[in-house]
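Enquirer: In this note's numbering, the protein residues as written are 487 to 880.
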Amino acid sequence: MTLGDTSDDSRHQLASYAVTANHSLGRRYDEPPPAFRSQFQRDRDRIIHCSAFRRLEYKTQVFVNHEGDMFRTRLTHSLEVSQIARTVARALNLNEDLTEAISLAHDLGHTPFGHAGQKALNECMNNFGGFEHNLQSLRVVDRLEDRYPEFPGLNLLFETREGILKHCSPQRARTLGQIGERFRDGTQPSLEAQLANIADEIAYNHHDIDDGLRANLLNLEQLLEFSLFRELYELELQRQRDTDPKRMVQSVIREMLNHFAIDLIKSTTAKLHNIAPRNLDDIRMHTGPIVDFQASVREQHFALKRLLRHELYFHHQVVKNADRAGLVVTELFGAFFSDPSLLPPERVVPEMQDEQLKARHVADYVAGMTDRFAFAEYHRIYGRDPIRVTSVER
Ligand code: MG
């Protein structure tokens, strides 16, 4: 690689339908190309160095951060998504740097306390346009990160931003310009974006089983109800290579993850062979997503999601902790909205005369908090201990 080389990946040939910087729709603010790195490597690097990325370390995935140091956080979740997505991207000759950038950024807009926090903040913002974490992730990289004199946000390439905006209502999409177009005209995002989306689901399906077992909220009997897990577990028993029950379960989880990743590579390859796209436009114009499992494995994937929803996400202890955490978000929003002088001085800006802008400003502040900072702010404002959740660590 020479100085000024902006090729997307010097290690191997990308497929003709992979995203390349040469055909990118570009950055919102023009910049000279990077030296020694590809354009998408630069996006990935900007994401890793931004403050919202560091805060993922102290944000809930399923278990509130202080419940135990062994559970996944948004940061380790994002790293696992990136690992899975990069493996598949490389096997499919897609743009690995872009896939990695999207994977690492996909959860930047998450509130403290996971989905409970988002639900609470969305309710607080009911009269002010709502709150949605995908849109917030885009808002973080487009506007809220304040690190460069030349532009707001991180000035990422269109294709990175497109991948970050995973979902969006057609109504909201109308306000977003070009980046929202696909939610109105039904076109598809790049394969790299489709891949990061599925890798997110593969990652949480598997690490939530692991965390659920660790927390004693899931047990082996429940997992054996799931036919794929049972098959792989019985195979492991037959092999008689291990007698340690914990390690055996780890082997099964690992093989299950491998099963989904390999099927994703094989069935996407077969689908690409049938469709024979010539370029990225053919991917965008295809009637539906192309990165997908074969039908029987897709059913297993959904069955695993259902199992986790019933047994873990709706577990009374998880729900109880989530409800309490949601209350912290609601009360923080209410306090800052009714008395903006409670905000740090640099956060009190003239636009807050407008109720709509004030609400969005407060939502940005609350959404950006880590779990423990939200608890600390709660203590500062209400003068009492934040609502403590029960520890579930073994
Ligand atoms: Mg995620």
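Ideal Cβ placement from N, Cα and C applies to all residues, glycine included.
Treat the numbers as computed from the prediction; the structure is a model and nothing was measured.
Considering only their Cβ atoms, is the gap separating A685 from A571 smaller than 9 Å?
Expert: Cβ distance < 9 Å, so A571 and A685 count as in contact.
Enquirer: R725 bridges to which residues according to DSSP?
Expert: Partner(s): none; R725 has no beta bridge.
Enquirer: Who pairs with T597 in a beta bridge, going by DSSP?
Expert: The secondary-structure analysis by DSSP pairs T597 with nothing; it has no beta-bridge partner.
Enquirer: Counting beta carbon pairs with one atom in the segment 660-672 and one in the segment 581-599, are three or more of them shorter than 8 Å?
Expert: no
Enquirer: Going by the C-beta, is H592 closer than 8 Å to any heavy atom of the ligand MG?
Expert: yes
Enquirer: Checking 9 Å against the spacing of the C-beta atoms, do L706 and I776 come in under that value?
Expert: no
Enquirer: When DSSP labels each residue in this structure, what does T673 get in the three-state scheme?
Expert: coil
Enquirer: Does the beta-carbon of S676, which I'm using as the reference point, lie nearer than 8 Å to any heavy atom of the ligand MG?
Expert: no
Enquirer: Taking 8 Å as the cut-off, is the beta-carbon of A689 closer than that to any non-hydrogen atom of the ligand MG?
Expert: Correct: A689 has its Cβ closer than 8 Å to the ligand MG.
Enquirer: Give every residue of the same chain whose Cβ lies closer than 7 Å to the Cβ of Q786, excluding the five residues on either side of it in the sequence, and list them in chain order.
Expert: The answer, listed in chain order, is L714.
Enquirer: Mind checking whether L561 and V815 have CB atoms under 9 Å apart?
Expert: no
Enquirer: Could you spell out the range, first to last residue, of the alpha helix (DSSP H) harbouring S537?
Expert: 537-541
Enquirer: Of all Cβ atoms in chain D, is any one closer than 9 Å to the Cβ of H563?
Expert: Given the protein chain composition of this structure (a single chain), no chain D is represented.
Enquirer: Going by DSSP, which residues form a beta bridge with S643?
Expert: The displayed chain sequence assigns Leu, not Ser, to residue 643. Beta-bridge pairing links L643 to R513.
Enquirer: When we look at the beta-carbon of V875 and count the other beta-carbons within 10 Å, is it buried (16 or more) or exposed?
Expert: The predicted model places V875 with a pLDDT of 47, which falls under 50 and marks its position as unreliable; any figure quoted below should be read in that light. Looking at its Cβ environment, which holds 16 or more other Cβ atoms inside 10 Å, V875 is buried.
Enquirer: Consider the C-beta atom of V567 and the heavy atoms of the ligand MG; say whether any pair is separated by less than 8 Å.
Expert: yes
Enquirer: Look at the alpha carbon of G639 and the alpha carbon of T754, and state the distance between them as a whole number of angstroms.
Expert: 34 Å
Enquirer: Classify G490 as helix, strand or coil using the three-state DSSP reduction.
Expert: For G490, the pLDDT reaches just 41, beneath the cut-off of 50, and the residue's location in the model is therefore unreliable, leaving the point undetermined.
Enquirer: Straight-line CA distance for L630 to R660?
Expert: CA-CA distance, L630 to R660, rounds to 21 Å.
Enquirer: Ends of the alpha helix (DSSP H) at P656?
Expert: 656-659
Enquirer: Are the segment 668-677 and the segment 722-729 in contact at 8 Å, needing three or more beta carbon pairs?
Expert: no
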